[in-house]
Amino acid sequence: MPKNPTSHTPIEVGDGAAIPHKSDAGLFTAWRIAFFGAIFVSLYLAFGKPEPYFEIFKFVPDGILVTFKVTLGAILLATVIGLITGLGRISANRFVNGVASLYVEVIRGIPLLVQIFYIYYALGRFVKIPDMLSAIIAMAVCYGAYMGEVFRAGIQSIPKGQMEAALSLGMSRGQAMRQVILPQAFRVVLPPIGNEFIALLKDSSLVSILAVSDLLRRGREYASETFSYFETYTVIALIYLIMTLFFSKLIGIMEERLNAGK
Amino acid sequence: MQENSRLMIEVSGVSKFYGSFQALKDVSFSVRDGEKVVIIGPSGSGKSTILRSINRLETIDRGSIIVDGMDVSDPKVDICKVREEVGMVFQSFNLFPHKTVLENLTLAQVVVRRRNRREAEKIALELLHKVGIAEKAAAYPAKLSGGQQQRVAIARSLAMNPKAILFDEPTSALDPEMIGEVLDVMKNLAREGMTMVVVTHEMGFAREVADRVIFMDQGRIVEEGTPEHFFTSPDHERAKLFLSQIL
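For the record, the sequence lines run as chains A and B.
Just so you know, the first sequence maps onto residues 1 to 262 in the working numbering.
Just so you know, the second sequence maps onto residues 263 to 509 in the working numbering.
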């Protein structure tokens, strides 16, 4: 893409949660208000109005576990797909590069919800695989494309001299990549991968339309039985909020550690 | 001087283009085994480009480069074999920041030369001792000064037992007080008979160490000769002007 030298620094807006840093006082304070506020409201509702809130809190934890399984499985698989895609995107081989680029372009142009339906039912026509695995694959295929760009950027952020030094010692490109470039690139991509993890955690709620009993689906099940829609979705929203805020904090700490270790 | 020793590097008729700009124009020279050749010239003269072509970090468009009997520009030749035999030292050191000093020296020995770890570490420690930096073996490169990093980079290159080493402005990124320690290591290497091709702006080093000086300007070799001849009575106006500006 041509760069306009006079333009300002591009604004970067990730699809994950905002990562709170100590330096950003406003966001840091907002994080505290949101996180502890959400916990406070949850406790208040659960114990102050146990009917129906305590019941809801008792009903949904199974779903939290499923949400975590889907998210973790998908992020691991997406990281592998992303690494392969990222390497493909920087490959000098035009065929490999073309396939990787096509994958990224196609996936980024289709809404995640449509992809989930598509992969779920497309896979279902040929092989019988468990619903959860199907959901994980669908999420991973989608996020793999985004992660591919993360890895591509991470690899390209390593100075050219590193590859040259490795090559000049007689290493092959593959050896140089494995021994010198990727170990450094992993450090660079760790925070963005954390960010993708949070985004994935939220998007995993989409699999509730499949027969996967994640957090949101558990909520739907409860609500459709009791008709207390407002109360149920309040609880669901609170739990998602507490989870994403918790992880964004964790990633913020990890980033600071990484920067301090430089 | 080493008229009878064999040719280590033979560059003949090399040209290189960046689009319509010709970076190298019919460059030819050779380096015999054990010879020290210093390439000097103003920036943009193509001196780094020709140096980097010797181990194919740059590709060439015309001509040929033969290193230790292997044709570098022949796609059938395994370029890794050439690079195993020809070390390179960079202006910006290019140490591996995620590895300790010792690991910087052992990595290619283990991965490329297939030495076992113990043997590689023994060689690495000897070389670190030689460049006067053995006490930093366990440190990460970021903890070292520029001069120390460049000495590690030289040791890393030596660990492969190269037949020749290419130096691409090895002192240009250093603070003035650190240039001496790096040049001392290079002078020691020269005394031990290492074949060296050095691109540098250090005229004192060129005068003291070089068997031959090559002066380049605008992509071609303008003058080539002994340091005495070049520094006292160069044949070409362009060389005289360059020397008057730099000395």
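For every residue, glycine included, the Cβ atom is placed at its ideal position computed from N, Cα and C.
Cβ neighbours of residue i in the same chain (closer than 7 Å, five flanking residues each side left out)
{"i": "Met332 of chain B", "result": "Val339, Lys343 and Val344"}
{"i": "Pro496 of chain B", "result": "Glu485, Lys502 and Leu505"}
{"i": "Leu113 of chain A", "result": "Leu206"}
{"i": "Asp131 of chain A", "result": "Leu210, Ala211 and Val212"}
{"i": "Gly144 of chain A", "result": "Ala78, Ile81, Gly82 and Thr85"}
{"i": "Gly409 of chain B", "result": "Leu436, Met440, Glu443 and Val444"}
{"i": "Val189 of chain A", "result": "Val150, Phe151 and Gly154"}
{"i": "Met263 of chain B", "result": "Here Met263 of chain B scores only 48 on pLDDT, less than 50, and its place in the model is too uncertain to base an answer on."}
Limits of the unbroken alpha helix (DSSP H) element including residue i
{"i": "Ala501 of chain B", "result": "Glu499 to Ile508"}
{"i": "Leu102 of chain A", "result": "Arg94 to Arg108"}
{"i": "Glu347 of chain B", "result": "Ile341 to Glu347"}
{"i": "Phe279 of chain B", "result": "It is not in any alpha helix (DSSP H) - Phe279 of chain B instead sits in the beta strand (DSSP E) that spans Leu269 to Tyr280."}
{"i": "Met139 of chain A", "result": "Asp131 to Gln156"}
{"i": "Gly86 of chain A", "result": "Pro61 to Arg89"}
{"i": "Leu215 of chain A", "result": "Leu215 to Thr226"}
{"i": "Thr219 of chain B", "result": "Look at the range of chain B in this structure, 263 to 509, and you will see that residue 219 of chain B is not part of it."}
{"i": "Val459 of chain B", "result": "Run containing Val459 of chain B: none in the alpha helix (DSSP H); it sits in the beta strand (DSSP E), Thr457 to Val461."}
{"i": "Val471 of chain B", "result": "Met465 to Val471"}
{"i": "Ile312 of chain B", "result": "Lys309 to Ile316"}
{"i": "Val189 of chain A", "result": "Leu182 to Asp203"}
{"i": "Ile385 of chain B", "result": "Arg379 to Lys392"}
Contact set for residue i: own chain, Cβ-Cβ below 6 Å, skip 5 residues either direction
{"i": "Ile328 of chain B", "result": "Glu272"}
{"i": "Val276 of chain B", "result": "Leu286, Val289, Ile322 and Gly325"}
{"i": "Ala223 of chain A", "result": "Tyr229 and Thr232"}
{"i": "Phe54 of chain A", "result": "Ala46"}
{"i": "Leu123 of chain A", "result": "Ser134"}
Cut-off 8 Å between Cβ atoms - residues of its own chain near residue i, not counting five sequence neighbours on either side
{"i": "Ile341 of chain B", "result": "Asn317, Arg318 and Val334"}
{"i": "Gln184 of chain A", "result": "Ile158 and Gln162"}
{"i": "Pro5 of chain A", "result": "Only weak support is given to the placement of Pro5 of chain A: the predicted model assigns it a pLDDT of 44, under 50, and the value that follows is read from those uncertain coordinates. Excluding positions up to five away in sequence, the list is empty."}
{"i": "Phe186 of chain A", "result": "Gly154"}
{"i": "Arg268 of chain B", "result": "Arg294 and Asp295"}
{"i": "Arg413 of chain B", "result": "Val393, Gly394, Ile395, Glu443, Val444 and Val447"}
Segment limits, beta strand (DSSP E) that includes residue i
{"i": "Ile483 of chain B", "result": "Arg482 to Gly487"}
{"i": "Ala426 of chain B", "result": "Ala426 to Asp430"}
{"i": "Arg474 of chain B", "result": "Arg474 to Asp479"}
{"i": "Phe117 of chain A", "result": "Element bounds for Phe117 of chain A: not the beta strand (DSSP E) but the alpha helix (DSSP H), Leu112 to Phe126."}
{"i": "Ala176 of chain A", "result": "Segment Arg173 to Ala176 is the alpha helix (DSSP H) holding Ala176 of chain A; no beta strand (DSSP E) there."}
{"i": "Val329 of chain B", "result": "Arg324 to Val329"}
{"i": "Leu286 of chain B", "result": "Phe283 to Arg294"}
For residue j and residue i, the rounded distance between their alpha carbons
{"i": "Gly37 of chain A", "j": "Pro61 of chain A", "result": "20 Å"}
{"i": "Glu347 of chain B", "j": "Gly170 of chain A", "result": "8 Å"}
{"i": "Gly464 of chain B", "j": "Lys298 of chain B", "result": "Residue identity differs from the one stated: residue 464 of chain B is Glu in this sequence, not Gly. Spanning the two alpha carbons is a distance of roughly 14 Å."}
{"i": "Ile81 of chain A", "j": "Met350 of chain B", "result": "35 Å"}
{"i": "Asn378 of chain B", "j": "Ile181 of chain A", "result": "23 Å"}
{"i": "Ala30 of chain A", "j": "Gly154 of chain A", "result": "30 Å"}
{"i": "Thr433 of chain B", "j": "Glu439 of chain B", "result": "11 Å"}
{"i": "Val99 of chain A", "j": "Arg89 of chain A", "result": "8 Å"}
{"i": "Leu76 of chain A", "j": "Val150 of chain A", "result": "14 Å"}
{"i": "Gly73 of chain A", "j": "Leu245 of chain A", "result": "20 Å"}
{"i": "Glu256 of chain A", "j": "Pro192 of chain A", "result": "13 Å"}
{"i": "Leu387 of chain B", "j": "His360 of chain B", "result": "19 Å"}
{"i": "Asp336 of chain B", "j": "Phe68 of chain A", "result": "54 Å"}
{"i": "Glu431 of chain B", "j": "Val393 of chain B", "result": "18 Å"}
{"i": "Arg294 of chain B", "j": "Met254 of chain A", "result": "54 Å"}
{"i": "Gly109 of chain A", "j": "Val372 of chain B", "result": "45 Å"}
{"i": "Tyr280 of chain B", "j": "Gly481 of chain B", "result": "12 Å"}
{"i": "Val447 of chain B", "j": "Ser310 of chain B", "result": "21 Å"}
{"i": "Phe492 of chain B", "j": "Phe291 of chain B", "result": "16 Å"}
{"i": "Pro264 of chain A", "j": "Arg217 of chain A", "result": "With chain A running from 1 to 262 in the structure shown, residue 264 of chain A is simply not present."}
For residue i, the nearest candidate out of the options (CA to CA)
{"i": "Ser307 of chain B", "options": "B:Asp330, B:Phe493, B:Lys278 and B:Asp295", "result": "B:Lys278"}
{"i": "Gly174 of chain A", "options": "A:Ala25, A:Ser91, A:Lys249 and A:Ser228", "result": "A:Ser91"}
{"i": "Ile476 of chain B", "options": "B:Ile312, B:Thr433 and B:Arg375", "result": "B:Ile312"}
{"i": "Arg380 of chain B", "options": "B:Leu428, B:Lys392, B:Glu365 and B:Val393", "result": "B:Glu365"}
{"i": "Tyr44 of chain A", "options": "A:Lys249, A:Val235 and A:Ala199", "result": "A:Val235"}
{"i": "Val471 of chain B", "options": "B:Asp295, B:Leu269, B:Val293 and B:Val300", "result": "B:Val300"}
{"i": "Val70 of chain A", "options": "A:Tyr103, A:Ala140 and A:Ile56", "result": "A:Ala140"}
{"i": "Ile508 of chain B", "options": "B:Phe283, B:Ile302 and B:Thr362", "result": "B:Ile302"}
{"i": "Val66 of chain A", "options": "A:Ala135, A:Lys160 and A:Lys249", "result": "A:Ala135"}
{"i": "Ser42 of chain A", "options": "A:Ala237, A:Gln179, A:Ile251 and A:Gly252", "result": "A:Ala237"}
{"i": "Val363 of chain B", "options": "B:Arg469, B:Leu390, B:Asp446 and B:Phe429", "result": "B:Leu390"}
{"i": "Met270 of chain B", "options": "B:Pro304, B:Asp330, B:Phe283 and B:Phe291", "result": "B:Asp330"}
{"i": "Leu241 of chain A", "options": "A:Ser208, A:Thr226, A:Gly252 and A:Ile198", "result": "A:Ile198"}
{"i": "Met458 of chain B", "options": "B:Arg469, B:Ser407 and B:Asp473", "result": "B:Asp473"}
{"i": "Ile39 of chain A", "options": "A:Val127, A:Ser168 and A:Phe57", "result": "A:Phe57"}
{"i": "Leu215 of chain A", "options": "A:Tyr120, A:Phe59, A:Ala25 and A:Gln156", "result": "A:Phe59"}
{"i": "Leu201 of chain A", "options": "A:Gly63, A:Pro50 and A:Arg125", "result": "A:Gly63"}
{"i": "Ile119 of chain A", "options": "A:Glu105, A:Cys142 and A:Leu102", "result": "A:Cys142"}
Residue i: CB within 7 Å of a non-hydrogen atom of the ligand FAD
{"i": "Thr462 of chain B", "result": "You won't find the ligand FAD in this model; it holds no ligand whatsoever."}
Short CB-CB distance (under 8 Å) between residue i and chain E
{"i": "Ala386 of chain B", "result": "Here chain E cannot be found, since the structure's protein chains are A and B."}
Q.
Please give the ranges of any alpha helix (DSSP H) in the stretch 408 to 455 of chain B, keeping only runs that are unbroken, at least 4 residues long and fully inside the region.
A. Whole alpha helix (DSSP H) segments, 4+ residues: 408 to 420 and 438 to 453.
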